[in-house]
Amino acid sequence: MSTKSREVIFGSQIAGAKIRAEGARQRAREAVREADRAEAEAWSIRMEGYGGPAQPSPTLGQCLNGGLGWLQVRCHRCKTEASIPLDCVRRPKDTPIWKLEASLKCRSCRKGRYAPPVHMIRLTEERETVPYVWVHPDEER
Ligand SMILES: [Zn+2]
7 MSTKSREVIF GSQIAGAKIR AEGARQRARE AVREADRAEA EAWSIRMEGY
57 GGPAQPSPTL GQCLNGGLGW LQVRCHRCKT EASIPLDCVR RPKDTPIWKL
107 EASLKCRSCR KGRYAPPVHM IRLTEERETV PYVWVHPDEE R
């Protein structure tokens, strides 16, 4: 076999294998995304349907990867609702989202260091209500 035909045969086999590898990686990414979304949805349904428990919960990264990038919350005192954009929360992506609850504070009810508790309602794909009346978790450090 000449060097030339060897290149043609093995070259195309290598290219084919690389394409298969990339395809498999792509399917793996999609499977992870699907699993992340299902995980986030299950948590969201539990929160909205039963009011919790909030733990265990998916992580920030799982919610974002699954396409549920907004957290809907309600102030226990004034009942104001807000949508928190998860991609703006400056926490490690492996932070479970229940951990955000303690740092979310309603701006109108906050008095100094004290703020009434916040209730996480559900995860959503889109913003449901105006997010900026609320103190974001990353402002409080
Ligand atoms: Zn409030």
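Its first residue numbered 7, the sequence shown is counted upward by one per residue in my numbering.
For glycine and all other residues, C-beta sits at the position ideal for the given N, C-alpha and C.
These figures come from a predicted structure and were not determined experimentally.
Between I127 and R80, the C-beta spacing is below 7 Å. Annotation for E107: no beta strand (DSSP E) segment contains it, and DSSP assigns it neither H nor E. Every residue whose beta carbon comes nearer than 7 Å to a heavy atom of ligand 1 appears here in chain order: C81, R83, C84, T86, C112, S114, C115 and P122. Under the three-state reduction of DSSP, V14 is assigned to helix. Here the alpha carbons of R31 and G118 stand approximately 50 Å from one another.
For the 7 Å CB-CB criterion, T130 and Q78 form a contact. In the structure shown, R128 adopts extended strand secondary structure according to DSSP, grouped into three states. Taking all protein chains in view, the Cβ of T65 is crowded by 16 or more other Cβ atoms within 10 Å, so the residue is classified as buried. Taken in chain order, the unbroken stretches of beta strand (DSSP E) that lie wholly in the segment 67-100 and span 3 residues or more are 76-81 and 87-91.
In this structure, the beta-carbon distance from T135 to S63 does not fall below 7 Å.
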